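Some notes on the structure that comes next.
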Ligand code: TXA
Ligand code: MG
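In the numbering used here, the protein residues as written are 2 to 328.
Below is the structure:
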């Protein structure tokens, strides 16, 4: 690791956007909000900047990154969109969907960012701050979630600072991110396949395509991993998680969902409810932030109430299963 950087945190105004662009052009690392989670941005065409990004995150170099673009036209300079990919981009961009497509001939994104694969993950985020930075930068920006590898994804600037202070140049702060879970990743390399559930529910994608998404099991065995976001303990609090909990054991904190209290809720060390009214959209937005808070509560375990698996519930349960995975 090189000498610590003076990580600046700026409120997301015009000056901060200009500063972000200036630093990205110079090969710097800039965290900024997207509608899903905060991303850690680097110039996608700058190999050394991307190497520093991997170092700052402590991320295994075989994990490929998402290239963020301002719109569909910019995406088409990076990858080849078949009919399904074009349809999904048209329906959901800008928004929380990432498409994995074959790399276009002459794609300017550095090989390090795609981990040497002949495919590329692209997404056009809808967050106004991300849009402004992308438009002013005028090229693709790679941005993994702005956390140390293996930690929870950040939904506030404070989360980013806690993980990456001294390791990155700038954090553009625009409050909490509205969606709260990462983008849905769909591979369009033939039959469309769901690689990672996320901010766009599977059902919405299947409606847009007029058919079911393929199973990701086939993709999981690929080498190198096609979506290493699937690595077992990718989203890891220090406190063990106990899923599908209907009662609270002594010493546990409770991550609640919905209006019905868990049995023994009075003995919980701390209780946070993802959505007292049982709304999965609200629950996704609160997920990482509540997990971080409960992780700091000194409990023996975090009991997590059952969460329905429809809509955004699929992404929420995916992240919870990962957070609960043995390590
Ligand atoms: O919501 C999001 O997607 C956030 C914000 C910042 O945009 N970004 C994010 O990036 O979650 P990251 O790096 O944490 O996750 C990217 C996922 C990983 O699971 C990675 O393996 C997968 O996308 N991915 C990237 N390139 C791929 C490729 N060529 N083929 C298959 N999967 C790929
Ligand atoms: Mg991540």
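Just so it is clear, CB atoms sit at the ideal spot from N, CA and C, and this is done for glycine as well.
All values reported here derive from a predicted model rather than from experimental measurement.
- Taken through DSSP and simplified to helix, strand or coil, residue 213 comes out as coil.
- Excluding sequence positions up to five before and after residue 175, its CB lies within less than 6 Å of the CB of 13, 34 and 130, all in the same chain and listed in chain order.
- A Cβ-Cβ separation of about 10 Å leaves residue 317 out of contact with residue 286 under the 8 Å criterion.
- Closest by C-alpha distance to residue 179, out of 9, 281 and 105, is 281.
- With a cutoff of 7 Å on beta-carbon distance, residue 269 and residue 255 are scored as near each other.
- Between the C-alpha atoms of residue 253 and residue 272 there is a straight-line separation of about 9 Å.
- When secondary structure is reduced to three states using DSSP, residue 113 falls in the coil class, being assigned neither helix nor strand.
- The beta carbon of residue 194 sits closer than 8 Å to those of 187, 188, 214, 215, 216, 217, 219 and 220, all from its chain and outside the five residues before and after it, given in chain order.
- Note that the C-beta distance between residue 8 and residue 166 is below 7 Å.
- Collapsing the DSSP output to three states places residue 11 in a strand.
- For residue 101, the enclosing beta strand (DSSP E) covers residues 98-103.
- If you check the CB distance, residue 161 and residue 43 do not come in under 7 Å.
- Note that the segment 43-54 touches the segment 95-110; at least 3 beta-carbon pairs, one per stretch, sit closer than 8 Å.
- Here the C-alpha atom of residue 29 lies approximately 22 Å from the C-alpha atom of residue 36.
- Every unbroken stretch of the beta strand (DSSP E) spanning 3 or more residues and falling wholly within the segment 44-79 is given here in chain order: 67-69.
- At a cut-off of 4 residues, the continuous stretches assigned as alpha helix (DSSP H) that sit fully inside the segment 111-184 are 129-138 and 158-165.
- Between the alpha carbons of residue 121 and residue 303 lies a gap of roughly 37 Å.
- Bridge partners of residue 33 according to DSSP: 40.
- In this chain, residue 250 is not harboured by any alpha helix (DSSP H), its DSSP state being neither H nor E.
- The Cβ-Cβ distance between residue 249 and residue 141 does not fall below 7 Å.
- Excluding five sequence positions before and after residue 156, the CB atoms of its chain that fall closer than 6 Å to its own CB belong to 38, 177, 178, 181, 289 and 290, given in chain order.
- Around the CB of residue 185, 16 or more other CB atoms lie within 10 Å, so the residue is classed as buried.
- Judged by their CB atoms, residue 79 and residue 68 are nearer to each other than the 7 Å cut-off.
- Look at residue 157: its beta carbon is at least 6 Å from all of the heavy atoms in ligand 1.
- Annotation for residue 327 indicates a beta carbon at 6 Å or more from all heavy atoms of ligand 2.
- Nearest to residue 152 by alpha-carbon distance, out of 60, 260 and 301, is 60.
- Partner residues in the beta bridge of residue 194, as assigned by DSSP, are 188 and 215.
- Straight across, the Cα-Cα distance linking residue 264 with residue 246 is about 9 Å.
- Judged by DSSP in its simplified three-state form, residue 278 adopts coil rather than helix or strand.
- For residue 324, the enclosing alpha helix (DSSP H) covers residues 314-325.
- The C-alpha of residue 75 lies about 22 Å from the C-alpha of residue 206.
- Assignment of residue 303 by DSSP, reduced to helix, strand and coil, places it in the strand class.
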